[in-house]
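Residues 210 to 598, numbered by this note's numbering, are exactly what the sequence shown covers, in order. C-beta: ideal position from N, C-alpha, C; glycine also. Below is one structure, written out as structure tokens, with a few remarks after it.
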Amino acid sequence: MTASIVGWAHTPFGKFDAETVESLVVKVATDALADAGITAEDVDEIVLGHFNAGFSPQDFTASLVLQADPKLRFKPATRVENACATGSAAVHQGIRAIASGAARTVLVVGVEQMTRTPSAEIGRNLLKASYLPEDGETVGGFAGVFGKIAQSYFQKYGDQSDALAMIAAKNHKNGVANPYAQMRKDFGYEFCRAESEKNPFVAGPLKRTDCSLVSDGAAALVLMDSESAKTMGKAVNFRATAHAQDFLPMSKRDILQFEGCTVAWQRALAQAGVQLSDLSFVETHDCFTVAELIEYEAMGLTPRGQGARAIKEGWTQKDGKLPVNPSGGLKAKGHPIGATGVSMHVMSAMQLVGQAPEGMQLKNAKLGGIFNMGGAAVANYVSVLEPVK
């Protein structure tokens, strides 16, 4: 590949009444440039990932990045959106700019502020990432969509409540060591498994602990052409990237297959010349625990219908054969939509250069995989990262 990550920044994810989309963008843009050891003058292009969909009254946000430094004025700046994969769409756009020769250094920022929006509107906003003629009246918003997916999976493969609770417990336990995570609490399997006043059913078989959080936050990366990156203080190469877009209506595909996820993984692994078993870890899109379960199968970790094996046999724990979401994932870290894909890349880059927070850092992490998904397996992005030797 032609691009490398040479710097990054990440706000904590959570509920921040004193912040705005602008303040979050300015903070991570400023910090990422400082982390890379470059100035605003060195940036050739800016890409902002911001879903919005009604969460922020301020639209047309690409130029907000320029607020970080007057020297960013007149740089090309573009906002991209691809539902919950918006952050990875921004990263991949930056890589293309470098690959085309149009830019040597690209500043990529992802942001969302969701918590100022009333609960009923949050559901409506998120549902815009589904096919409204079919799903527009779904009770529970996007949780309702994935509740239906979980129900269909249970009907076909049996009750998976134990596996979903194990996934939730794993990710919450991992999130304790992540200072950027919105929820740093180890709830344990029993709490995640049992219905209770604090953990009620939300949609279908999904309980509150099966659902990712409503979040504010931002993350940023500095991308540079790989040759120039060799001179930098740190660099993480893109060994491969892949993007597979599927039909928006779920009626046009087998929603239990996550076929776009499978295609993206197959393309990326083939491009990287590696197998899934060569990866040291994966950060995957656990917007709901059932999504992580199906993604185990879609990435090829288990056969179809057997995703529960991966969690029940400990494969995806931090000490397992393929740690999944050592950051805590969207489940514990939070899911500010436009920032999520950028955050995944930051967390993975940290792991690969040995700069992940204590307790989150894996031993000898050499190759990282990222899967970021928009909608119900509609926009599917995979990156494979490795540190510069």
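Identify whether residue i lies in helix, strand or coil by the three-state DSSP scheme.
i: P409; result: coil
i: L157; result: The question about residue 157 has no answer here: the residues shown for the chain are numbered 210 through 598.
i: D434; result: strand
i: K416; result: strand
i: D371; result: helix
i: D425; result: strand
i: M582; result: strand
i: F351; result: helix
i: A386; result: coil
i: V484; result: The question names Val, but residue 484 in the sequence shown is Gln. If DSSP states are grouped into helix, strand and coil, Q484 belongs with coil.
i: T314; result: strand
i: G577; result: strand
i: Q360; result: helix
i: H452; result: strand
i: F400; result: helix
i: G303; result: helix
i: G263; result: coil
i: V533; result: strand
i: E250; result: helix
i: Q560; result: helix
i: Q466; result: coil
i: Q322; result: strand
i: P279; result: helix
i: L457; result: coil
i: S272; result: helix
i: K365; result: helix
Which residues bound the beta strand (DSSP E) around residue i?
i: F497; result: No beta strand (DSSP E) holds F497; DSSP gives it neither H nor E.
i: I255; result: E254 to G258
i: R288; result: A286 to V289
i: L594; result: A588 to P596
Just checking my contact of residue i with residue j at CB under 8 Å: how many whole Å lie between their CB atoms?
i: G426; j: A548; result: 5 Å
i: G246; j: G563; result: That pair is no contact at about 18 Å.
i: K280; j: E254; result: Rounded, the Cβ-Cβ distance is 14 Å, inconsistent with contact.
i: H259; j: E321; result: 7 Å
i: A386; j: V317; result: With 8 Å as the limit, A386 and V317 do not qualify as a contact, their Cβ atoms being about 26 Å apart.
i: A308; j: T211; result: 5 Å
i: E506; j: M556; result: The Cβ separation is near 23 Å, so there is no contact.
i: T347; j: V252; result: That belief does not hold up - the Cβ atoms of T347 and V252 are roughly 42 Å apart, past 8 Å.
i: G537; j: A390; result: 5 Å
i: V230; j: S265; result: 5 Å
i: V533; j: G296; result: Actually they are not in contact, since the Cβ atoms of V533 and G296 sit about 18 Å apart, beyond 8 Å.
i: G216; j: L242; result: 7 Å
i: N291; j: G583; result: 5 Å
i: C470; j: E504; result: 6 Å
i: P535; j: F490; result: 6 Å
i: A286; j: S272; result: 6 Å
Only counting the same chain, and skipping five residues up and downstream in sequence, which positions put a Cβ closer than 6 Å to that of residue i?
i: R518; result: T511
i: R476; result: A451
i: D344; result: V354
i: G332; result: G350
i: G263; result: N334
What does DSSP give as the partner residues of residue i in its beta bridges?
i: H554; result: For H554, which the question treats as bridged, DSSP gives no partner whatsoever.
i: I214; result: L432 and V445
i: N380; result: Answer by DSSP bridge pairing: none, since N380 is not bridged.
i: E650; result: A question about residue 650 goes unanswered here, because the residues of the chain that appear run from 210 up to 598.
i: F490; result: G577
i: G296; result: In DSSP, G296 forms no bridge with anything.
i: G223; result: D425
May I ask you to check if the CB of residue i is nearer than 7 Å to at least one heavy atom of the ligand COA?
i: A312; result: The ligand COA is absent from the structure shown, which contains no ligands of any kind.
Whose C-beta lies closer than 8 Å to the C-beta of residue i among residues of the same chain, with five residues either side of it excluded?
i: K521; result: D371, A372 and M375
i: K365; result: L465 and G514
i: L415; result: A352, F355, G356, A359, L373, F497, T498 and V499
i: R282; result: L275
Spatial neighbours of residue i within its chain, please: C-beta separation below 7 Å, excluding the five flanking residues on both sides.
i: L561; result: V445, A574, G577, L594, E595 and P596
i: A481; result: R448, A449 and V593
i: K488; result: Reading off the sequence, residue 488 comes out as Leu, not Lys. L531, L576, G577 and G578, listed in sequence order.
i: K224; result: T324 and D425
i: D395; result: H381, K382 and V385
i: H301; result: T450, H452 and Y590
i: R462; result: D455, F456 and E468
Taking the alpha helix (DSSP H) that residue i belongs to, which residues open and close that run?
i: N334; result: S328 to L336
i: D344; result: L341 to D344
i: R518; result: G516 to K521
i: K572; result: Neither: K572 is in no alpha helix (DSSP H) and is coded neither H nor E.
i: K439; result: Segment: none, K439 is in no alpha helix (DSSP H) and carries neither H nor E.
i: L510; result: Note, L510: premise wrong, no alpha helix (DSSP H); not H, not E.
i: A541; result: G538 to K542
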